[in-house]
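One structure below.
Number of protein chains: 2
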Amino acid sequence: MPPSYPELNPSTRLLLGPGPSAVHPRVLRAMSTPLLGYMDPEFLTLLDETQALLRYVFQTSNALTLPVSGTGMAGMEAILANLLEPDDKILVCAAGYFGNRLEEVALRHGAAVTKIEKPWGEVFAPQEIDAALKQSPAKVVALVHAETSTGALQPLEGMAEVVHRHGALLVLDTVTSLGGVPLKLDEWGVDATYSGTQKCLGCPPGLAPVSVSDRAGAVIRNRNASRKPSAWYFDLELLAKYYGPERVYHHTVSGTLIYALREGARLVAEEGLEQRWARHRANAEYLWDGLKEMDLTPFVPLAQRLPTLTTVRVPEGVDEAKVRGRLRDEYGIEIGAGLGPLKGQVWRVGLMGYSSRKENVTLLLGALGEILK
Amino acid sequence: MPPSYPELNPSTRLLLGPGPSAVHPRVLRAMSTPLLGYMDPEFLTLLDETQALLRYVFQTSNALTLPVSGTGMAGMEAILANLLEPDDKILVCAAGYFGNRLEEVALRHGAAVTKIEKPWGEVFAPQEIDAALKQSPAKVVALVHAETSTGALQPLEGMAEVVHRHGALLVLDTVTSLGGVPLKLDEWGVDATYSGTQKCLGCPPGLAPVSVSDRAGAVIRNRNASRKPSAWYFDLELLAKYYGPERVYHHTVSGTLIYALREGARLVAEEGLEQRWARHRANAEYLWDGLKEMDLTPFVPLAQRLPTLTTVRVPEGVDEAKVRGRLRDEYGIEIGAGLGPLKGQVWRVGLMGYSSRKENVTLLLGALGEILK
Numbered sequence: 001m002p003p004s005y006p007e008l009n010p011s012t013r014l015l016l017g018p019g020p021s022a023v024h025p026r027v028l029r030a031m032s033t034p035l036l037g038y039m040d041p042e043f044l045t046l047l048d049e050t051q052a053l054l055r056y057v058f059q060t061s062n063a064l065t066l067p068v069s070g071t072g073m074a075g076m077e078a079i080l081a082n083l084l085e086p087d088d089k090i091l092v093c094a095a096g097y098f099g100n101r102l103e104e105v106a107l108r109h110g111a112a113v114t115k116i117e118k119p120w121g122e123v124f125a126p127q128e129i130d131a132a133l134k135q136s137p138a139k140v141v142a143l144v145h146a147e148t149s150t151g152a153l154q155p156l157e158g159m160a161e162v163v164h165r166h167g168a169l170l171v172l173d174t175v176t177s178l179g180g181v182p183l184k185l186d187e188w189g190v191d192a193t194y195s196g197t198q199k200c201l202g203c204p205p206g207l208a209p210v211s212v213s214d215r216a217g218a219v220i221r222n223r224n225a226s227r228k229p230s231a232w233y234f235d236l237e238l239l240a241k242y243y244g245p246e247r248v249y250h251h252t253v254s255g256t257l258i259y260a261l262r263e264g265a266r267l268v269a270e271e272g273l274e275q276r277w278a279r280h281r282a283n284a285e286y287l288w289d290g291l292k293e294m295d296l297t298p299f300v301p302l303a304q305r306l307p308t309l310t311t312v313r314v315p316e317g318v319d320e321a322k323v324r325g326r327l328r329d330e331y332g333i334e335i336g337a338g339l340g341p342l343k344g345q346v347w348r349v350g351l352m353g354y355s356s357r358k359e360n361v362t363l364l365l366g367a368l369g370e371i372l373k
Numbered sequence: 374m375p376p377s378y379p380e381l382n383p384s385t386r387l388l389l390g391p392g393p394s395a396v397h398p399r400v401l402r403a404m405s406t407p408l409l410g411y412m413d414p415e416f417l418t419l420l421d422e423t424q425a426l427l428r429y430v431f432q433t434s435n436a437l438t439l440p441v442s443g444t445g446m447a448g449m450e451a452i453l454a455n456l457l458e459p460d461d462k463i464l465v466c467a468a469g470y471f472g473n474r475l476e477e478v479a480l481r482h483g484a485a486v487t488k489i490e491k492p493w494g495e496v497f498a499p500q501e502i503d504a505a506l507k508q509s510p511a512k513v514v515a516l517v518h519a520e521t522s523t524g525a526l527q528p529l530e531g532m533a534e535v536v537h538r539h540g541a542l543l544v545l546d547t548v549t550s551l552g553g554v555p556l557k558l559d560e561w562g563v564d565a566t567y568s569g570t571q572k573c574l575g576c577p578p579g580l581a582p583v584s585v586s587d588r589a590g591a592v593i594r595n596r597n598a599s600r601k602p603s604a605w606y607f608d609l610e611l612l613a614k615y616y617g618p619e620r621v622y623h624h625t626v627s628g629t630l631i632y633a634l635r636e637g638a639r640l641v642a643e644e645g646l647e648q649r650w651a652r653h654r655a656n657a658e659y660l661w662d663g664l665k666e667m668d669l670t671p672f673v674p675l676a677q678r679l680p681t682l683t684t685v686r687v688p689e690g691v692d693e694a695k696v697r698g699r700l701r702d703e704y705g706i707e708i709g710a711g712l713g714p715l716k717g718q719v720w721r722v723g724l725m726g727y728s729s730r731k732e733n734v735t736l737l738l739g740a741l742g743e744i745l746k
């Protein structure tokens with residue numbers, strides 16, 4: 001007998017965790033649009049438009065800007081697998097879960113990893129990168145712009161200058177920053193970045209927007225010809241042949257997810273990046289003010305606190321999992337648990353994309369107040 | 374100024390090419406359902422159900438049956454990257470584009486590839502595999518069940534017996550067969566397979582269902598501990614920790630695509646596999662009969678002709694691209710062009726999933742008749 005399950009009918013959830021965030025209604029609607037073939041001229045136009053919108057969202061003119069057909073982690077692996085050849089040196093700056101992930105993935109591709117670590121929640125200063133590169137030169141320096149595990153925002157001022165002075169490439173994880181906090185790839189001198197669609201872009205997970213500077217693109221092109229990236233699916237030169245004018249088949253791109261990303265990026269363009277960043281900031285400040293009134297303390301000091309994801313210290317004596325369970329079951333609200341050393345120590349509250357709305361903050365604060373009183 | 378593009382409004386297309394096929398209306402509707410978090414208990418139940426449905430569709434009891442978060446090519450890479458360690462030997466049987474792809478991807482992961490080739494459109498006999506393995510033993514033998522580039526269906530009778538007698542594992546590409554033609558993983562002794570959602574399952578592209586036997590799973594578990602699969606994103610042991618009872622975060626699975634796959638697989642279960650295979654067969658025969666009446670000839674002899682994708686010889690003197698263009702522009706129908714040595718020689722007509730309906734065949738035959746008359 002074939003298995004039999006009921007019609008899809010999930011409970012309503014207000015997604016205020018580390019991602020996915022709530023998908024914008026216009027994006028949900030776009031996804032019920034019937035598909036075009038992956039070589040249909042109309043579909044290729046939609047791809048071009050999606051790439052142009054991504055360049056705007058990333059604030060870059062990088063030709064090599066496209067969505068990898070996987071989630072944000074696929075984007076991380078695509079960037080590292082293409083930039084690094086076996087035994088190439090990478091300096092990974094880790095002060096959270098995703099910094100550690102960079103090391104883990106780089107090792108898979110045979111890179112020689114040097115890692116500088118700081119306590120979770122802290123950020124790196126250019127002088128620290130400078131000192132590390134003096135001690136051990138590297139081809140690539142990898143930093144996390146918005147560390148989803150800690151809620152810290154890494155400042156980029158002066159960073160590319162130091163990295164480039166040492167002849168290295170700057171790789172930036174922008175999964176939880178793209179479309180939510182100021183990010184200016186070209187102005188900041190970022191050489192390669194990857195992100196996800198399910199955070200501040202208000203789309204479902206499934207695509208990883210990446211962008212690669214001409215300088216980093218040349219490094220990829222000049223790889224040892226006998227040592228192609230060890231993941232064929234993520235080979236950016238092959239992907240560029242489909243996303244570029246040649247239109248050579250590589251894999252069957254997901255029309256549905258492209259529809260979603262195009263619509264999500266159109267919404268960013270309609271709102272305007274500056275206004276969008278300001279909205280994320282304002283709603284975060286509203287949250288922080290409300291937390292303060294309830295004697296709840298953000299884990300990260302204000303100076304380096306990320307507006308899109310706030311880590312909140314769990315008050316002593318409070319069962320954090322029970323609070324999350326009650327938020328979910330009584331109010332339909334999802335917030336996240338702490339990861340790694342922050343497990344049990346913090347809640348993670350995301351205000352990203354369509355989830356970043358004042359009424360959501362009001363509801364969360366009200367619900368938390370009722371549960372904690 | 375931010376770029377500005379109009380609302381999504383693609384032309385209506387009847388997708389009768391090599392994929393994507395038409396997405397079933399119930400699947401389209403499922404995708405506009407708001408998301409759950411990737412650790413929400415309700416979402417985890419939906420994942421369990423999706424995996425159970427996939428086991429039914431694959432006709433297997435393999436515990437390690439899950440959708441990889443990428444397209445069919447991601448599935449191919451996931452299976453090869455996990456089963457093969459550098460310098461491991463693989464015998465690739467290639468009589469088409471995707472046979473060659475198996476070689477290309479295996480080489481990326483450092484495997485030692487032996488390839489036996491036959492002219493495009495032909496299939497392999499167990500004795501040929503036997504002879505090849507006698508000459509050059511291999512850890513893995515890779516075959517394409519339904520070769521999308523040629524329209525040939527590889528018989529599996531006696532195949533696993535030969536492969537296992539030589540101590541090898543049988544890997545089968547089922548991208549264009551799963552849910553459309555008889556496929557019985559356990560009965561046939563297939564050790565590992567990968568497929569896609571955008572063919573006979575009637576879903577959009579974006580997930581790659583894979584299934585791995587206990588025997589092949591043990592090979593993965595017993596890899597040299599210092600040589601993990603070179604693609605972290607595709608590491609099946611890590612994926613199994615999220616899809617299995619441990620529920621350890623690996624990447625943010627696409628809720629939308631899971632909704633789609635669950636609904637597509639529910640539709641398979643409702644119809645019943647036997648009935649579904651019979652429907653695909655009947656509509657293909659209706660097409661073949663109609664082609665014959667128009668003096669159009671399938672490229673592959675009936676005995677090994679694939680019901681889900683038919684390659685049709687382009688009559689002499691006919692501009693094949695012009696015919697495809699007119700089908701698209703005047704009738705809203707997409708069919709595919711030939712690939713590789715079949716470029717310009719054949720059209721590729723897919724009757725897969727929701728696209729496999731009698732009225733679609735009638736329309737295509739009518740349109741072709743008008744254009745070719």
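Listed in order, the protein sequences are those of chains A and B. Residue 1 is where the first sequence starts when you use our numbering, and the numbers rise one by one after that. Residue 374 is where the second sequence starts when you use our numbering, and the numbers rise one by one after that. For each residue, glycine too, the CB sits at the ideal point set by N, CA and C. If you're wondering where the values come from, they're calculated on a predicted model, not measured in any experiment.
Where residue i falls, given that 16 or more other Cβ within 10 Å makes a residue buried
i, result
"Asp461 (chain B)", "buried"
"Asn597 (chain B)", "exposed"
"Pro618 (chain B)", "exposed"
"Gly717 (chain B)", "exposed"
"Arg747 (chain B)", "The requested residue 747 (chain B) is not part of the displayed model; chain B covers only 374 to 746."
"Leu712 (chain B)", "buried"
"Pro582 (chain B)", "buried"
"Ser69 (chain A)", "buried"
"Asn283 (chain A)", "buried"
"Thr418 (chain B)", "exposed"
C-beta contact flag for residue i and residue j at 8 Å
i, j, result
"Ala515 (chain B)", "Ile463 (chain B)", "yes"
"Thr681 (chain B)", "Phe672 (chain B)", "no"
"Cys576 (chain B)", "Ala633 (chain B)", "yes"
"Leu609 (chain B)", "Asn455 (chain B)", "yes"
"Val373 (chain B)", "Pro34 (chain A)", "Because chain B spans 374 through 746 in this model, residue 373 (chain B) falls outside it and cannot be assessed."
"Arg721 (chain B)", "Gly524 (chain B)", "yes"
"Ala519 (chain B)", "Val478 (chain B)", "no"
"Met294 (chain A)", "Ser21 (chain A)", "no"
"Val318 (chain A)", "Leu372 (chain A)", "yes"
"Leu66 (chain A)", "Gly217 (chain A)", "no"
"Thr148 (chain A)", "Pro341 (chain A)", "no"
"Pro398 (chain B)", "Gly255 (chain A)", "no"
"Leu153 (chain A)", "Leu296 (chain A)", "no"
"Ser32 (chain A)", "Arg402 (chain B)", "yes"
"Glu636 (chain B)", "Leu8 (chain A)", "yes"
Residue i at chain A interface by Cβ criterion, 8 Å
i, result
"Met532 (chain B)", "no"
"His653 (chain B)", "no"
"Asp413 (chain B)", "yes"
"Ala403 (chain B)", "yes"
"His482 (chain B)", "yes"
"Gln571 (chain B)", "yes"
Cutoff 8 Å: residue i Cβ touching any chain B Cβ
i, result
"Glu251 (chain A)", "The amino acid at residue 251 (chain A) is misidentified as Glu; the sequence shows His. By this cut-off, His251 (chain A) is an interface position."
"Tyr194 (chain A)", "no"
As assigned by DSSP and simplified to three states, the class of residue i
i, result
"Thr683 (chain B)", "strand"
"Asp65 (chain A)", "First, the residue type needs correcting, since residue 65 (chain A) is Thr and not Asp in the sequence shown. Of the three classes helix, strand and coil, the one that applies to Thr65 (chain A) here is strand, per DSSP."
"Tyr567 (chain B)", "strand"
"Gly392 (chain B)", "coil"
"Val162 (chain A)", "helix"
"Leu673 (chain B)", "In the sequence under discussion, the amino acid at residue 673 (chain B) is Val, which differs from the Leu named in the question. Of the three classes helix, strand and coil, the one that applies to Val673 (chain B) here is coil, per DSSP."
"Thr114 (chain A)", "strand"
"Ser356 (chain A)", "coil"
"Ile502 (chain B)", "helix"
Quick check: the stretch 556 to 569 of chain B against the stretch 431 to 443 of chain B, are there 3 or more CB pairs under 8 Å?
yes
Within the chosen definition, does the stretch 318 to 331 of chain A reach the stretch 227 to 243 of chain A through at least 3 CB pairs nearer than 8 Å?
no
Any contact between the stretch 26 to 42 of chain A and the stretch 245 to 256 of chain A? By contact I mean 3 or more CB pairs, one from each, below 8 Å.
yes
Say whether the stretch 543 to 551 of chain B touches the stretch 357 to 364 of chain A, bearing in mind that this needs 3 or more beta-carbon pairs closer than 8 Å, one atom from each stretch.
no
So, do the stretch 126 to 137 of chain A and the stretch 155 to 166 of chain A have three or more beta carbon pairs nearer to each other than 8 Å?
yes
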